[in-house]
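Notes follow the structure.
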Amino acid sequence: MGLKIRKVKFLNEVQFGDLELDFLNSRTGLPYQNIVFVGDNGVGKTNLLRFIKEIISSPTRTYIYRYIEYELSGRVCRFERLPDDAVHNHRYQLYDAETNTNFMISPLDDDYPVEFRPSSKEIMMSYSNNDHFEQKNDDFSSVIDRLVNLQNEDSINYAYYNIKHDDAPLRWSEFFQKSKMKTFADSFNAFFEDMEYFGMGFSDRHEKVIGFTKYGKQINTQSLSSGEKQIIERTVPILEIMTEQKDNLLFIDEPEMSLHPKWQEKVHSYFKQLFTDTSGIQQNQIFMASHSSAFLKKALMDETSLVVRLINHDGRVEAQRIEHPTYLSDVTFAEVNYLVFDIVSAEYHNQLYCQIQNRYNLSKVKACDEYIYHHQSFISNLHQKTSGYGRVQYNTICSYIRNAIDHFDNGHTYTEDELRCSIQLMQEILR
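Numbering-wise (the UniProt record's numbering), the sequence shown opens with residue 1 and increments by one.
Shown next, in the form of C-alpha cells:
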C-alpha cells in the first residue's frame, strides 16, 4: 500500500501562506496516485514539491505547516502542529484514525510509534535543471555505470534469494519478472518506438556494457540524444531506491524537460509504469510539476491523476483542482489551454457547443439554442443575445458566438469577455 498523502495545510509560509491542498478523489474519497501542479512562472511549483517532501519526510523538523494527513500501509494518520503556547513542550499531535488515538509529540525526543513514521529513505525528489541534461560523455558514462550496478544488484539478489530458498529455487526468467532491470526495460521499451534496451553484455575489452538498439541496430550509449539520456538519467536514481513493492513516494519537477512534444505526452505514462506491478496496478503516489500542454493533456485524460492549478492573486497563492473527466468526451489542446492556462479560444467554445449537441442529441443548432435557453444555468441579463440566420432566430450568446465563428462573413463580432462568459455557461450545462 505504501505512503500516500491525502491533504496538507500550510501555516504562515512566506510564499503559500495558509494554503490548503486536498489530494482526495471527490468521487471515491481515496487519494489520487498522480498529482500534477501547474501555474505561471514564479508561482512556486518547485518550492511546493520541495516543501511537501520536507513536511512528510520530517514532520517534527519543520514549522511551515498546520497539518498533513497521509495513509501509511492503508492506515490514515494526521500529523498536526500545535499552537506555540501548547503545554508541556509538545508541539505536535499525531492522530490515528484506525484506533481514534492521539499521540502528543515533542520535537526534542521525536518519539512516536514507528508504524506511523514515513521512511524518508523511500521518498525521492527529482529536480529539473537544463544544464544537468546536457550531459558530457564522461558524466553520462557514470550514469551508465550505475545502470550496470543495478543489473549486478539484480544478479546478487537472485543468488541470495535462491540461497534462502534452496528447497524451491527460482529460474532466472521467473525472478527477472520482478527485477529492477525488467522494470526499466518494460518502461523504456514502451516509451521509445524505435529504440530498445536489450540487456547487459561485454565489450571487446571484456567490460560490462548496457545494450541499446535503434531501428534494429545496436548503438553506443554515448550517441544517445539529450532527451534519451534524460530519460535514463532520471530513471536510474529512482530504480536505485525503489522498494520491492514499488511504493516509493516520488516528486518530479518538470518531467518533460528537453523532450520532444510527442515524448512529453508519453512521459506521464512512463513514470507511472515504472511503479506498476506485474498485475498492472500502480503502487505508489507521484507528485509532478509541469508547463507542458502535451504532458497535461495526458494527465487530464487519466482518471488516476489530479491536476492542481496554482494561481497568484495579489501575492496570495490559491489552488484550483481539475479532476477527470473534464467537459469534453476527449481532452483537446484547446481545453487544456483553457482549464490549465486560462487561454480562451473560439476552438474550445465550439467544441463545448458540439459536446452539448452530441450529449443531448441536439443535431440542429436551433434545438441546441433552445436547450441552452431553457437550462437552469441560463441567466437572461448575462446570456441572452438575439441573432438570426435566414428565418431562424437564436436567443443565446452561445449560439451567437458559435454562428459568428462558423459564419465569419455574417459581420457578427464578440469580445473576449463574451467568449469567456459563453464558455462558462456551457461548462455549467455540461458539469
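Just so it is clear, CB atoms sit at the ideal spot from N, CA and C, and this is done for glycine as well.
Distance between residue 184 and residue 220, taken at the CA atoms: about 18 Å. With a cutoff of 9 Å on beta-carbon distance, residue 61 and residue 9 are scored as not near each other. Per the C-alpha coordinates, the member of 312, 153 and 163 positioned closest to residue 241 is 153. The three-state secondary structure of residue 221, taken from DSSP, is helix.
Across the set 235, 403, 73 and 22, the C-alpha of 73 shows the shortest separation from the C-alpha of residue 247. Judged by beta-carbon spacing, residue 49 lies beyond the 9 Å limit of residue 123, meaning their Cβ atoms are not closer than that value. Under DSSP, residue 210 shares a beta bridge with 200.
With fewer than three CB-CB distances shorter than 8 Å, the region 183-198 does not count as touching the region 153-172.
Taking a C-beta distance under 9 Å as the contact criterion, residue 7 and residue 21 qualify as a contact pair.
The DSSP-derived three-state label of residue 35 is strand. Less than 9 Å separates the beta-carbon of residue 329 from that of residue 358. With a beta-carbon spacing of about 14 Å, residue 230 and residue 187 fall beyond the 8 Å limit used to define contacts. Between residue 399 and residue 369 the beta-carbon gap is near 4 Å, inside 8 Å, which marks them as a contact. Checking the DSSP bridge columns, you'll see residue 427 has no partner listed.
Beta-bridge annotation (DSSP): residue 4 is paired with 71. The region 376-402 contains, as complete beta strand (DSSP E) runs of 3+ residues, the segments 384-389 and 392-396 (chain order). Between residue 269 and the set 56, 389, 181 and 299, the nearest pair of CA atoms involves 299.
If the five residues before and after residue 194 are omitted, its C-beta is found closer than 8 Å to the C-beta atoms of 214 and 215, all from its own chain and listed in chain order.
A straight-line Cα-Cα distance of about 39 Å links residue 225 and residue 30.
Rounded to whole angstroms, the Cβ separation of residue 128 and residue 254 is 4 Å, and the two are in contact under 8 Å.
Here residue 392 is exposed, its C-beta having fewer than 16 other C-beta atoms within 10 Å. Scanning 342, 222, 70 and 92 for the CA closest to the CA of residue 142 turns up 222.
Sixteen is the threshold: since fewer than 16 other Cβ atoms of the shown chains lie within 10 Å of the Cβ of residue 108, the residue is exposed.
If you check the CB distance, residue 80 and residue 94 come in under 9 Å.
Assigned with DSSP and collapsed to three states, residue 314 falls in coil, not helix or strand. Contact annotation: residue 38 and residue 331 have beta-carbon atoms that are not nearer than 9 Å.
With a 10 Å radius around the Cβ and a threshold of 16 neighbouring Cβ atoms, residue 316 comes out exposed.
Judged by their CB atoms, residue 249 and residue 238 are not nearer to each other than the 9 Å cut-off.
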